[in-house]
Structure formats: structure tokens, C-alpha cells
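Q: First, the structure itself, so that you have it in front of you.
Number of protein chains: 2
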Amino acid sequence: MNDSFLINTALFRGTSVEEAREMLRCLGSYEKEYEKGAVIFRAGESVDSMGMVLSGSVTIEIDSLWGDKTILGRVEAGQLFGETYACIPGEPLMVSVAACEKSRILFLNADRLLATCSNSCAYHNKLVRNLLQISAQKNLALSRRSLHTSPKSIRGRLLSYLSEQARLNGSYQFTIPFSRQQLADYLGVDRSAMSNELSKMRREGLLRFEKNRFLLR
Amino acid sequence: MNDSFLINTALFRGTSVEEAREMLRCLGSYEKEYEKGAVIFRAGESVDSMGMVLSGSVTIEIDSLWGDKTILGRVEAGQLFGETYACIPGEPLMVSVAACEKSRILFLNADRLLATCSNSCAYHNKLVRNLLQISAQKNLALSRRSLHTSPKSIRGRLLSYLSEQARLNGSYQFTIPFSRQQLADYLGVDRSAMSNELSKMRREGLLRFEKNRFLLR
DNA sequence: ACCGGCGGGTTGTTTTTACAACGAAAATGG
DNA sequence: CCATTTTCGTTGTAAAAACAACCCGCCGGT
Chain P
3 MNDSFLINTA LFRGTSVEEA REMLRCLGSY EKEYEKGAVI FRAGESVDSM
53 GMVLSGSVTI EIDSLWGDKT ILGRVEAGQL FGETYACIPG EPLMVSVAAC
103 EKSRILFLNA DRLLATCSNS CAYHNKLVRN LLQISAQKNL ALSRRSLHTS
153 PKSIRGRLLS YLSEQARLNG SYQFTIPFSR QQLADYLGVD RSAMSNELSK
203 MRREGLLRFE KNRFLLR
Chain S
3 MNDSFLINTA LFRGTSVEEA REMLRCLGSY EKEYEKGAVI FRAGESVDSM
53 GMVLSGSVTI EIDSLWGDKT ILGRVEAGQL FGETYACIPG EPLMVSVAAC
103 EKSRILFLNA DRLLATCSNS CAYHNKLVRN LLQISAQKNL ALSRRSLHTS
153 PKSIRGRLLS YLSEQARLNG SYQFTIPFSR QQLADYLGVD RSAMSNELSK
203 MRREGLLRFE KNRFLLR
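Residue numbers (this note's numbering), protein chains in the order written: chain P, 3 to 219; chain S, 3 to 219.
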């Protein structure tokens, strides 16, 4: 892990390299690598650590019996996952987290982070505030998905999602971080029906796309 | 407001009555009353305060043009709303908050809560930690809704929601906090179709219900 | 080069849901 | 206590999505 990597993450923002290193020790952290598709947290378990993606990316998903999955969001390098459950000891996960490519994960013990650290680590409070920010951001991400799944039609959901991607990118041209199946899972619709709708929208001149690159008009 | 009310809320848990009172002053708080249906926060605005429900209850909802609404959750007495946006200054709301009955709301300035308070209020850090817990809980609430809306069929959604209500109540008999329309909005389905499905399930002997009281078998 | 798997598009069928319209019961308000 | 509005269940119809089956093209491995 690069020295400057940590202090550029949302969690460690505002600390120095040395402080961050010390915090890692204090938090009882360790790293682990996962292959594509490997499950990192499984629904039903309860966890006492949160994970930070060092490299690669993971998806947070709800797995139904019958094999359907709903993707709640994607977590990229530098971002956290599982912090919600880590903050609520004993709460069983209702989601699973899986690597969507080969990924390296840093685990951080939550109890130690939340404990009112005596005085050894003066930066605990900073970290807690950062974590609050992150939690609020994750809240937004979840709300955003609700926003995109609130239209009842596939087209409505696609437009809601794609418009926001355009807004985020500040351009009508952008690349999305999902494969078709993942996008369908994220929007809660059938993949083939979605492909169909995308083609229909293209025929109507609403948009263009090639693979994951989209152009809205 | 009852003296012991505050210190029994998740936000002020762990503080004394006097401390809580002082914090109220420190946070620049004020109260306001809303009639049933009144909008407290409107999507698109940005806010610098969070609200605590003192009495009554409010719903957090996504309003589409065309008048459809998606209910993300219900906030009861003692609970917070808007804390997500209050933690992220300038972020425009993508949801609205409306009173679903006559409600009294306490507003708390977020900047002052999050500011690293010099030394006047020693309990700021406690409050921030509590807020982190609350934020995590709200995360769960949002995830829970995603869980309940991830089945594609109305029946699947109903069963997901009702099973959890049963689990929460620790009994197969329970009362839900939603009217039919609200439940339909929460589950993201058509009300009449949902009524229909409920009746069908009753005919099949899966459950009984009268008004908001349900009995699962 | 061949094979096999995966991602993605197409098509047709079937099931489900949304939608609209209505009526009865219950709640509300004067 | 009556009038009005809201809530909820019912029905039928039209529209949409799920589902299944299939195709093609691409890529990685052998």
C-alpha cells in the first residue's frame, strides 16, 4: 500500500502519514486479498470489522434464495464497506459483499475505533467524525438507488440513473461502472428486458451507447 | 417537552438532563408544530438543521412529478430526520419530509453540532458518536426497504415486509404503522393491486388482517 | 486454431402489474 | 347528526415486464 494512499481516503483524511500508520496498529488492522467473485461478508453473519478497499472493487448486494441478487451499490478503492454493521455490534448482515474483480481489502476493528480511546490516539475523534461523514454519504447512495428504482417502468429507471450519471460527470457522455447484468440488478429489473428497452431508446434517438459508454441527448 | 424525554432519545442518550438542556441552547434549537400533511423539508432545498420528532410522526418520501410518491421510511417520536443532509452541508435534498399527523418538531443546527466545539460543551463528542449510531441505524432502515422492494412480485414484497414486522414484534400478530396507500408507496406497488393480493393471500389462508392489524400463519 | 464460457442483444410467450372506475364503509368536520 | 371526504376492496382491461430460448461476438485458456 502506498504511503499516501491512506491519508487520501475519506476515513483518514486530515491525519498525517505517521498518525495514520499508528492508527492502523491501534485499530488492529490486517489485509487480505480476494479473487473475482469471492464473498467477503456473507448475509446472516455479524461482523466486528469494517473493510476498506485498497485495490479493485466490491459490490454490496442482497441475495435472494432462487439466486436473484439486488445490487445496492459499488465500493471502489479507498472506500469503506460494512461500517454500518460494524457500528451496530451484533447486528446480522442483511447484505453480502463480494469482490467484482481481484481486490485487496484492509480490515479495521470497529470496537476499537468507536471506543473512547484513553489518550494514546488523539485522532480518534477525527476518525469518528470522518466516519460520520462516510455514513451520511452511504445514506445518500442508498437514497439515490431508491430514487432510481422508484419509477415503475424500466425506461423511467434507466433515465433516472443515466441522467444522474451525466450530471455527476458533468457531460452527456460518460462511462458507467456496471455491466448490463449488474445495472439490471442495481435497478431491480430483468436484464433482457432492460437491453430491449435500451435498444428501443436508441432507436428513438434518446441516447447512444457502446458497451459501458453512453451518450445522452 | 418532558424533562426526561430528551435523554431517552438516541441522540442525547448518555447525557444528563441539565447537560441536554445546555446542549439545546448550544445547538441553537427551536420548536415548531406542523399539521397533518404539512411539508417540513422539501426536495431540492438544502438544509442546515436536522429535525427531531417530539410528538406525532413524519414520513420521508420521494415525490415524482405526476404525484406518485415513494415512502422511504417513517420517523416516530424521539427519532431524527434530515441528519444525513445536515452532515453534508450544501447537499440538496432528494427527498421530502412531511408530517403524517399533527407533529411537533425540534430543529437542531448541524454546523454547531459537528463543529469541534472549543471546550464549552464537553459532550459534543458523545453526541457525534450517538449521531454516528443513528446514521448507521438509518442506513439499516434504508437497506431494509431495499430488501423489501427487491422481490419483483407484490406478494414477495408483502411477505418480506410482514415477516419482518412479525420478527420485530416477536409475534405473528402485530400492527403496522402504515395505511394501505402508505404501505403501497413504501413497497413501491399499486395500492389496488396490493389490496387485491392481500385478499388473495387471505383466501389462501396465509394471513388474516383487519385494518392495520395482521396475523401471519 | 479450437473450444468453452461470458456478456449482451433479440424475439416471442406468458404472467403480472398498473390503471381506471366504482361502491361500500369509515372517518372527518361542521 | 348529517354531509363530505377519505380509505379500502373489487373488478376488468390494457400495458408492461418477467421469463425462456436463442443468437452472435469476444476473450482466455489449452
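We put the CB at the ideal spot given by N, CA and C, even for glycine.
What first and last residue would you give for the beta strand (DSSP E) that runs through P/Gly75?
A: 71 to 78
Q: How big is the Cα-Cα spacing for S/Ile178 and S/Arg215?
A: 7 Å
Q: Thinking just about the alpha-carbon of each residue, which of S/Arg15, S/Ser59, S/Gln81, S/Cys28 is nearest to the one in S/Ala111?
A: In the sequence on display, residue 111 of chain S carries Asn and not Ala. The option with the nearest alpha carbon to S/Asn111 is S/Cys28.
Q: Within 9 Å (strictly less), CB to CB, does P/Arg146 reach chain S?
A: Yes, P/Arg146 lies at the interface with chain S (some Cβ there is under 9 Å from its Cβ).
Q: Is there a C-beta anywhere in chain S that falls below 9 Å from the one on P/Glu251?
A: Outside the shown range of chain P, which is 3 to 219, sits residue 251 of chain P, and nothing can be said about it.
Q: Just to confirm the assignment, what range does the beta strand (DSSP E) spanning P/Gly158 have?
A: No beta strand (DSSP E) contains P/Gly158, which is instead part of the alpha helix (DSSP H) from 156 to 171.
Q: Within the same chain, show all residues whose beta-carbon is closer than 6 Å to that of S/Val99, passing over the 5 residues directly before and after it, in chain order.
A: Ile42, Phe43, Val60, Ile62, Phe83
Q: So S/Arg182 and S/Arg193 are in contact, right, with Cβ under 8 Å, and what is the actual spacing, rounded?
A: 6 Å
Q: Does the beta carbon of S/Gln139 come closer than 9 Å to any beta carbon on chain P?
A: yes
Q: Might you give, ordered along the chain, the residues of its own chain that have their beta carbon closer than 8 Å to the beta carbon of S/Tyr174, omitting 5 neighbours on each side?
A: Ala168, Leu217, Leu218, Arg219
Q: On the CB-based measure, 16 or more other CB atoms within 10 Å of its CB, does S/Ser48 come out buried or exposed?
A: exposed
Q: Which residues, in chain order, does the region 73 to 106 of chain S contribute to contact with chain P at a C-beta distance below 9 Å?
A: Close to chain P, meaning a Cβ-Cβ distance shorter than 9 Å, are the following residues of the region 73 to 106 of chain S: Leu74, Glu85, Thr86, Tyr87, Ala88, Cys89, Ile90, Glu93, Met96, Val97.
Q: Going straight from the alpha carbon of S/Arg114 to that of S/Leu134, what length do you get?
A: Taking the straight line from one Cα to the other gives about 16 Å.
Q: Under a three-way DSSP split, which group does S/Phe216 fall into?
A: strand
Q: What does P/Gln183 touch in chain S if you count any residue whose Cβ is under 9 Å from its own?
A: Simply none; closest approach about 15 Å.
Q: Given P/Met54, which residues of its chain have a CB within under 6 Å of its CB, disregarding the five upstream and five downstream residues?
A: Leu82, Leu108, listed in sequence order.
Q: Starting from P/Lys34 and walking both ways along the beta strand (DSSP E), at which residues does that stretch end?
A: 32 to 36
Q: Indicate the three-state DSSP secondary structure (helix, strand or coil) for P/Ala195 in the structure shown.
A: helix
Q: Counting only beta-carbon atoms, is S/Gly53 nearer than 9 Å to chain P?
A: Judged by the 9 Å Cβ criterion, S/Gly53 is not in contact with chain P.
Q: Are the beta-carbon atoms of P/Asn141 and S/Leu144 separated by less than 9 Å?
A: Yes, the pair counts as a contact, with Cβ atoms nearer than the cut-off.
Q: Kindly indicate which three-state DSSP category S/Ile9 falls into: helix, strand or coil?
A: helix
Q: By Cβ distance below 7 Å, which residues in the same chain neighbour S/Ala138 in space, the five residues on each side in sequence not counted?
A: If we look at S/Ala138 and ignore the five residues flanking it on each side, it has no Cβ neighbours.
Q: Per the DSSP calculation, P/Gln175 is bridged to which residue(s)?
A: P/Leu217
Q: Does P/Ile107 come out as helix, strand or coil in the three-state DSSP assignment?
A: strand
Q: Specify, as a first and last residue, the run of the alpha helix (DSSP H) that P/Ile42 falls within.
A: Careful: P/Ile42 lies outside any alpha helix (DSSP H), inside the beta strand (DSSP E) at 41 to 43.
Q: Return the residue from the list P/Ser57, P/Ala117, P/Ser197 that minimises the CA-CA distance to P/Glu35.
A: P/Ser57
Q: Buried or exposed for S/Lys213, going by 16 or more other Cβ atoms inside 10 Å?
A: S/Lys213 comes out exposed.
Q: Confirm, please, whether the CB-CB distance from P/Ala88 to P/Ser31 is below 9 Å.
A: Not in contact: P/Ser31 and P/Ala88 (Cβ atoms no closer than 9 Å).
Q: Are the beta-carbon atoms belonging to S/Met3 and S/Leu129 less than 9 Å from one another?
A: no
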